[in-house]
Structures are given as structure tokens and as C-alpha cells.
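Please read the structure below before turning to the comments.
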Amino acid sequence: MTTPFVAVDGLTIAYGDAVAVDGISFDLDQGECLAILGPNGAGKSSVAKAFAGLVKPAGGSLVVDGTDLADRRPDQIARSRIAYLPEGRGIFPGLTVAENVALGMRVLPSGERAAAEAQAYELFPVLGRRRKQTAATMSGGEQQMLAVARALMTKPKLLVADEVSLGLAPMVIDAIYEAWASVRSTGLTMIVIEQYVEKALDFADRALVLRRGRVLWTGAADGAADHIVHGYLGNDLAPQA
């Protein structure tokens with residue numbers, strides 16, 4: 001049996017006495033995309049933060065490419081080519097576009113940086129036209145494109161994206177998903193937490209629906225629609241053990 005590229009087993013996350021994620025398990029093969037869906041407060045963002053090392057699990061394991069991330073620091077995780085796109089803008093607003101891009105290249109060997117920079121501007125041409133512009137003066141959509149470009153240029157083996165389309169115009173969301181699609185052929189594995197359910201399910205291979213910190217349902221993305229309704233409306237469908 002092939003070992004999963006991502007293996008989450010019994011992951012539990014708590015903030016004091018409040019349990020945000022209650023013993024969830026899932027796995028992913030390399031190159032797959034998982035959409036994590038559910039209502040506010042379901043525990044989605046806590047799962048994403050655990051992959052980035054920003055919250056420490058209270059129990060369970062979180063293994064990526066053979067390494068358990070539970071005890072790794074955020075900087076160690078970033079250097080291991082695991083990219084995290086937080087909700088909001090993961091950029092340095094006081095720096096120019098070019099300076100933000102340069103910071104994103106620090107984890108790469110010097111010989112790979114020129115190609116990575118070129119790729120960032122190829123994925124989002126508007127960034128190339130605004131290289132000297134301060135990030136704070138750009139639109140919200142342009143800032144998010146910059147954040148996505150910085151994450152992709154590190155050549156991640158796993159990308160965890162948390163609500164990156166929140167508040168963005170449809171054309172910007174389309175541009176971000178097109179950029180993701182263009183790099184998935186390299187074997188990039190993705191976990192996407194998304195408010196736009198239809199968009200996420202069209203893009204992902206598999207889906208996982210959370211409710212109150214537990215797995216309500218998981219399976220192929222194209223079979224998720226009815227279970228997502230149950231998850232958001234909170235009817236009497238019992239969560240999976």
C-alpha cells in the first residue's frame with residue numbers, strides 16, 4: 001500500500017477548555033487537492049494553522065511527506081516547502097511588489113530565484129506592471145494575487161490556503177484559481193478552505209465537511225453537495241466517527 005503524502009490521524013486542537021477540532025483524520029496522495037468546507041466555527045482555520053505550526057495540536061498526528069509537523073516551528077515548516085496562505089493578506093504592505101517577491105524567494109537556492117521571479121510575474125501580469133508600487137496602495141485583489149504569487153514561487157510541495165477569496169471580485173478569484181491550476185501539474189498537493197463552495201468543488205479532487213470540529217462527511221468532491229447542505233444547516237445527520 002502506498003504511504004499517503006499527507007496523513008492526519010486523530011488531530012485535536014483546543015484553546016483552553018474549548019475544543020475546536022475533535023479528533024479528525026484524513027489523508028491525501030501527492031498531487032491531490034482537498035477542499036475543507038463547513039460553517040463558521042467548524043474548525044477549518046484551526047486545521048490550516050496547525051499545518052503552518054501556528055497552533056499546536058492537543059492530540060493526534062499531522063504528517064506531511066513522512067514528517068510529523070506537530071512539534072515543528074513555523075519557520076521549520078516553511079523551509080520544508082509547506083506554504084500557508086492565511087485569511088487576509090499575507091504580505092508586507094510597506095514594501096514594494098518587487099521587495100515582497102524578493103522576500104518570497106529567500107527559501108530558494110540562488111540559482112532558482114530568477115526563474116521563480118519570472119513565474120510570479122507570468123502568473124499575475126499585473127504584478128509585473130506594478131513592481132515599484134507599494135503593496136499598501138494596491139487593491140485588495142492585487143494584494144491577494146501578490147500573496148498567492150509569493151507562496152507559489154517557493155515551489156511548495158504542499159499549499160494550504162485559508163479563505164483567500166474572501167471579499168474578492170469574481171475575476172480576481174478566477175485568476176487565483178487559474179494560477180493554482182497551472183502549477184498543479186508539478187505535483188503540488190493542496191488543501192483549500194473556501195467560502196465559495198461551488199468553486200472549491202470544481203477545483204478539488206476530494207472534499208471534507210466539518211461541523212463543530214468533527215468530520216461530518218468526506219469523499220469525492222463531485223459527491224459532496226448534499227452533505228455540505230447538511231453541514232451548513234446543521235440537521236440531524238450524525239458526524240462520522
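All letters in the sequence shown, in the order written, are residues 1 to 241 by the UniProt record's numbering. Glycine included, every Cβ here is placed at the ideal spot set by N, Cα and C.
If I follow the unbroken beta strand (DSSP E) through residue i, where does it start and stop?
i	result
R206	206-211
Y15	6-15
D71	First-last for D71: undefined, no H or E at that position.
R214	214-220
L34	33-37
A151	Taken as a continuous stretch (DSSP letters only), A151 belongs to no beta strand (DSSP E), being part of the alpha helix (DSSP H) at 140-152.
I191	189-193
L85	82-85
Return the Cβ separation of residue i and residue j in integer angstroms, given the expectation that the two are a contact with Cβ distance under 8 Å.
i	j	result
D205	E32	5 Å
L103	A179	No, L103 and A179 are not in contact; Cβ-Cβ is about 19 Å, not under 8 Å.
T218	A207	7 Å
R131	T96	7 Å
I36	I228	At roughly 11 Å, the Cβ-Cβ gap does not stay under 8 Å, so I36 and I228 are not in contact.
A149	V101	7 Å
A50	I13	6 Å
Q133	I176	So it is not a contact: roughly 19 Å between Cβ atoms.
In the structure shown, what three-state DSSP assignment does residue i receive?
i	result
residue 244	The structure shown does not extend to residue 244, since the chain is modelled only from 1 through 241, so no value can be given for it.
F203	helix
D174	helix
G223	helix
S61	strand
D236	Unreliable placement is indicated for D236, whose pLDDT of 44 sits below 50; no coordinate value is reported for it.
T2	coil
V126	helix
T137	helix
Less than 6 Å between C-beta atoms, sequence neighbours within five positions excluded: which residues of the same chain meet that for residue i?
i	result
V63	A7
G90	A147
L158	V64, I82, T189
G38	K44, V209, L210, R211, G231
M105	R113, A116
A48	V160, D162, I193
residue 290	Summary: the structure shown does not reach residue 290, with the chain confined to residues 1 through 241, and so no result is reported for it.
Y84	A52, V160
P93	A135, A136
G128	Y121
Grab me the residues of residue i's own chain with a C-beta within less than 7 Å of its C-beta, minus the 5 sequence neighbours each way, in chain order.
i	result
A169	G141
Tell me which residues share the same chain as residue i and place their Cβ nearer than 8 Å to its Cβ, disregarding the 5 neighbours each side in the sequence.
i	result
G10	G23, I24, S25, G59, G60, S61
V107	A78, R79, R81, T154
G66	T3
R184	G31, C33, M190
I'd like the span of the alpha helix (DSSP H) that includes residue i, first residue to last.
i	result
V97	97-104
L123	113-123
L28	Segment 18-28 is the beta strand (DSSP E) holding L28; no alpha helix (DSSP H) there.
residue 265	Because the chain spans 1 through 241 in this model, residue 265 falls outside it and cannot be assessed.
A52	44-52
Exercise. Pair every Cβ in the segment 49-63 with every Cβ in the segment 212-226, then say whether three or more of these pairs are closer than 8 Å.
Key: Taking one beta carbon from each stretch, the segment 49-63 and the segment 212-226 have fewer than 3 pairs nearer than 8 Å; the two do not touch.
Practice problem: Taking 8 Å as the threshold, find out whether the segment 68-88 comes into contact with the segment 116-123 through three or more Cβ pairs. | Solution: As far as the Cβ criterion goes, the segment 68-88 does not touch the segment 116-123, which means the pair count is below three.
Per the contact definition of three or more C-beta pairs closer than 8 Å, is the segment 13-32 in contact with the segment 71-86?
Verdict: no, contact absent.
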